[in-house]
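My numbering puts the sequence shown at residues 5 to 76.
These notes are about the structure you will find just below.
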Amino acid sequence: MADERFGGELRRFGREKAGEPLRVVSPYEPAGDQPQAIAKLAKGVEDGLRYQTLMGVTGSGKTFTMAKTIEA
5 MADERFGGEL
15 RRFGREKAGE
25 PLRVVSPYEP
35 AGDQPQAIAK
45 LAKGVEDGLR
55 YQTLMGVTGS
65 GKTFTMAKTI
75 EA
C-alpha cells in the first residue's frame, strides 16, 4: 500500500525511527466499515497527505488507535 515516494513501504513521519518501515501487527481482521477506512487512510498517506481525520462514534477506539500508532 505504498509507492516509490515512500521507498515502497509506508514510513513514519518526524520521529527518530523515521527510516524504519511502519508495520501493523494485529490478530484481528478488519470488519464493517474498517476495510474502506483503512484503504482511504493508506491512499491519503500514499498521496502525501500529512493530516487526515478519523470520524467515528464515541467509544469506537479512535484515540486509542492513534495513541498506539504514535507510540510505535
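No residue lacks a Cβ here, since even glycine has one placed at the ideal position from N, Cα and C.
At the C-beta level, residue 40 and residue 49 stay beyond 9 Å of one another. For residue 67, the secondary structure class from DSSP, reduced to helix, strand or coil, is helix.
In the structure shown, residue 56 falls within a coil segment according to DSSP collapsed to helix, strand and coil.
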